[in-house]
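The structure appears right after this line, and notes come after that.
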Amino acid sequence: MRVSLGWLARHEFRLTWRDWQSMITAGNKRDLGTALTVLLVVGLALHLPAYALLGKLGGVPVAPDVSTYIAISLIACLYTSLLLSQAMESVTRTLYSRGDLDLVMSSPVSALRLFSVRILANAVLIALLGMMFAAPLVDVLTLTGGVRWLAGYAVAAAVGLAASALAVAITIGLFRLLGPRRTRIVAQIVAALIGAAFAIGIQVIAILYYGTLGRSSFVIPPDLAARAPGPDSAVWLPARAVMGDPLALAIVIAAAAAIVIVVMLVFAPRLGEHSLAATDLPPASRHHHRRAFAPGSVAAALRHKEWRLLRRDPWLVSQTLTQLLYLIPAALLLMRNLGQTTGVLVVLVMVLVTVGAQLGGALAWLAVSGEDAPELIATAPVASRAVTRAKVEAVIAAVATVLGPLVIGLAFLSPLHAIAAALGLLCGAVSTIQIQLWFRAQAKRSHFRRRHTSSRIATFGEALVSFSWASAAGLAAAGTWFAAVSVATALIILIAVRAVSPRKAALV
Amino acid sequence: MDSPPALAVRGLSKAFDRPAVDRLDLTIRAGEFYALLGPNGAGKTTTLRMVVGLLKPDAGTISVGGVDALADPIDAKRQMAWVSDEPMIYDKLTPLEYLEFVAGLWNVEATKAERTANELIDWLGLRPHVDERCEGFSRGMRQKVALAGALVHDPKLIILDEPLTGLDAGTARQVKDLLHARVQAGGTVIMTTHILEVAERMAERIGVLSSGHLIAEGTLAELRLRAGRGGSLEDVFLTLVADNSTAAA
């Protein structure tokens, strides 16, 4: 009996759904209802900023001016970058996990058939993700401009399909160009940077146009609009499709389907071989600079282990440092609003504290929850408090290594600002580390990107406390006693988070 | 004066949704190779995890080399090493770096630790891979690194939970030789295993757990007497467990 595509697809979709379900619930099936409710609430809440951003665009006619096409294309590009990032991350994960590879590769089903379905399942998932991300914007446009804007969902799905197929092509291309070991890191860094570019881009646009964005003020520089292709150009097909032009919509969907089919035909037959090559990597690079065992305390052994593991995982380092990129828009916003009144240095202090606190939380997750040998540590003759203290010291030292030079540089400009930054950094980092200690839950280091799903309270707590300490440090640097209010806010947040935490362990 | 037993457990109990270990008494002499056997879910791993401090008992006492492990866990842990069926190592460290870290945790003097680590690396045949990170290692090699980690601080008592699972014959032989040498040198080894031939050949005494109770204990000859039959340890073990199940029913 020949295995049908439908049967294979059903199997793939079941696996894909369960993987996604596990991701949003952090592996706890009973949390699915809660997770979906949170998603729904967040999705509904996102309609408000979407209305503020695009509420007045709904009434734009089907054949508007080039400036509107540029604006819509820009947003579409940003969405594409986000979906491409997600797709690359997903493809890399699939490529480098053995999973059921031995089973399916040893079965009498053709590789083309097997991996075409796998590529398609991934593409459908990314397409659904695209529709989900687009929902607030499309809904707002539909409510204010009519049902023609519902075409936005179809375009989002088409973009998702195409992005997923392109991700396969890019990743396999990198694989052939760089080899399996380098591709893993490079592809994930590229995916993270593409994703960051989306987040940064969309926020920069929001900052630049916030409050004035609308049909009349969707200001595209006149010279750019003048140099852009005319309104009938094929370049604007996706924009026209979003606006409900049936022909443009049909062309966009057909193009996306064509990309998916070509990628399936070209890459599916050898995807399994590539995946096997990726998961059968020989031992990693050798280290010829062996040194003698270093004498030292138990705490020193723990600290050195943490630093060594961090240094040796470029993917984790890139994931952690990518967070810094997300603060660029915040700096831009702060500079626009505060820079002229309280000085750029205050803005810098706030950004440093926010980054330090976020970095502290991320590294603490790796050191505490991402411990690879928890039983070894637990059976060692070391008090758990001593272990925790050493790990916290390792994290604080790592944060200081990354941000210390900036604080020192700041001290040359203004010692007062540098002191405020240093104190804020310390308080912010210690607070987020403490939250990680309260919410620690054993996980694999490779699940670093999923850490936020294990506790939403911890995630929100970390964000709020980071901003509170940043605000306190900024206000202190500006010389106002209102800093005390922010300090009190940070402490109240910490107390509240501790009250609901599963583990009320003391820091030291 | 007699030296204290390597391990003495009295009235040890632990329940999850049902009792896993129920008022267990166990004494293992210093310098003994002891095999703890039992069907799946008998409470072997739970018992050992309580002994090494990974689980808190609901009731009972644990004494390791005369040290109360519940009152003074750090001192008790200093004398022990734990090797689980899943090797606990760091993928991004080389075997020597891992051993350096473990020695650091047990506060072993650096020069001595390095000498011991190199001896273990050679003994376990890890020298060709000594500069490679553990991420590319096979299960057998990972288990060897974990075992070296357990020995680098020269523990008096080594506790192993299914250490031979998934190992090839050559690696299993190396592990068995190493454990045998430790006992010859005066160390104590407690091991759980489902490979009864290993227990039959290596263990001086064997304990059989079933439903959280120690249903039989002794040398193979004593167990045969208890079971009322001759034959291999497998025959004796199956008879003892079946008798216990029948009695419980």
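These protein sequence lines are chains A and B, in that order.
Per the working numbering: the first sequence = residues 1 to 508.
Per the working numbering: the second sequence = residues 1001 to 1249.
Backbone N, C-alpha and C define an ideal beta-carbon position, used for all residues, glycine too.
Listed by chain order, chain A residues near residue i by CB distance under 9 Å
i	result
ALA1103 (chain B)	PHE293 and ALA301
GLU1217 (chain B)	Correct list: empty, because the minimum Cβ distance to chain A is about 25 Å.
Residue-chain proximity (residue i, chain A), Cβ-Cβ < 8 Å
i	result
TRP1106 (chain B)	yes
SER1084 (chain B)	yes
LYS1044 (chain B)	no
LEU1093 (chain B)	yes
ILE1074 (chain B)	yes
ALA1071 (chain B)	no
ALA1110 (chain B)	yes
Nearest-angstrom Cα separation, counted from residue j out to residue i
i	j	result
LEU425 (chain A)	ALA394 (chain A)	15 Å
VAL117 (chain A)	ILE251 (chain A)	24 Å
LEU363 (chain A)	ILE377 (chain A)	18 Å
ILE261 (chain A)	GLU12 (chain A)	17 Å
GLN188 (chain A)	MET1202 (chain B)	49 Å
ASP1091 (chain B)	VAL159 (chain A)	38 Å
LEU1167 (chain B)	VAL1175 (chain B)	9 Å
TRP1106 (chain B)	PRO1155 (chain B)	10 Å
ALA255 (chain A)	LEU237 (chain A)	11 Å
ALA1148 (chain B)	ARG308 (chain A)	20 Å
PHE1237 (chain B)	VAL1208 (chain B)	8 Å
THR489 (chain A)	HIS1213 (chain B)	55 Å
GLU1132 (chain B)	ARG181 (chain A)	15 Å
ASP1243 (chain B)	ILE1215 (chain B)	10 Å
GLN1184 (chain B)	GLU1204 (chain B)	12 Å
SER431 (chain A)	PHE412 (chain A)	27 Å
ILE75 (chain A)	LEU53 (chain A)	11 Å
PRO295 (chain A)	THR379 (chain A)	21 Å
GLY361 (chain A)	LEU78 (chain A)	28 Å
Residues of its chain near residue i, where Cβ-Cβ distance is below 6 Å and the 5 sequence neighbours each way are ignored
i	result
THR16 (chain A)	ALA121 and LEU125
PRO1087 (chain B)	ARG1142, GLN1143 and ALA1146
VAL1051 (chain B)	ILE1062
ARG1029 (chain B)	PRO1005
LEU359 (chain A)	VAL399
ALA248 (chain A)	LEU237, ARG240 and ALA241
LEU1160 (chain B)	VAL1083 and MET1191
TYR51 (chain A)	VAL140
THR212 (chain A)	Note that THR212 (chain A) scores a pLDDT of 38, beneath 50, so its modelled location is shaky; the value from the coordinates is reported in the next line. No residues qualify anywhere along the chain.
Within chain A, the residues that residue i reaches when beta carbons sit closer than 8 Å
i	result
ALA1113 (chain B)	PHE293
GLU1097 (chain B)	ARG308
GLU1100 (chain B)	PHE293, ALA294 and ALA301
Chain-ordered chain A contacts of residue i [CB-CB under 7 Å]
i	result
LYS1077 (chain B)	THR379, ALA380 and PRO381
VAL1052 (chain B)	THR379
Residues that residue i contacts on chain B, provided the C-beta gap is smaller than 9 Å
i	result
ARG363 (chain A)	A small fix is needed here, since residue 363 (chain A) is Leu in this sequence, not Arg. The contacting residues do not exist; LEU363 (chain A) stays about 15 Å from chain B at best.
8 Å CB neighbourhood of residue i in its chain, flanking five on each side removed
i	result
LYS504 (chain A)	Caution applies to LYS504 (chain A), whose pLDDT of 49 falls short of 50 and renders its modelled position unreliable; the value that the coordinates give is listed next. Hits under 8 Å: TRP438 and ARG498.
PRO1039 (chain B)	SER1210 and VAL1241
GLN442 (chain A)	SER369, GLU371 and PRO374
LEU410 (chain A)	LEU345, LEU348, VAL349, LEU352, HIS417, ALA418 and ALA421
Interface residues of chain B facing residue i [CB-CB closer than 7 Å]
i	result
GLU375 (chain A)	LEU1054, TRP1082, SER1084 and MET1088
ARG312 (chain A)	LYS1092
LYS444 (chain A)	Simply none; closest approach about 10 Å.
VAL117 (chain A)	Within chain B, no residue comes near VAL117 (chain A); the closest Cβ sits about 31 Å away, beyond 7 Å.
Neighbour flag for residue i against chain B, beta carbons, 8 Å
i	result
ASP100 (chain A)	no
LYS391 (chain A)	no
LEU276 (chain A)	no
ARG14 (chain A)	no
VAL298 (chain A)	yes
ASP139 (chain A)	no
ARG308 (chain A)	yes
ASP372 (chain A)	yes
Contact test: residue i Cβ vs the ligand GTP heavy atom, cutoff 7 Å
i	result
SER73 (chain A)	For the ligand GTP, the structure offers nothing, since it holds no ligand at all.
Neighbourhood of residue i by C-beta, 7 Å cutoff - its chain only, sequence neighbours within 5 removed
i	result
LEU1070 (chain B)	THR1061 and ILE1062
GLU306 (chain A)	ALA367, LYS391 and ALA394
ALA163 (chain A)	THR80, LEU83, LEU84, ALA87 and ILE126
ALA228 (chain A)	VAL66 and ILE70
Proximal residues of chain B, C-beta to C-beta of residue i below 8 Å
i	result
LEU95 (chain A)	What LEU95 (chain A) touches in chain B: nothing, since even the nearest Cβ is about 17 Å away.
> Taking only runs of the alpha helix (DSSP H) that begin and end inside the stretch 415-448 of chain A, which ones reach a length of at least 4 residues, in chain order?
Replying inline: 415-438
> Taking the runs of the alpha helix (DSSP H) that are 4 residues or longer, which of them lie wholly in the stretch 361-421 of chain A?
Replying inline: 374-379 and 384-413
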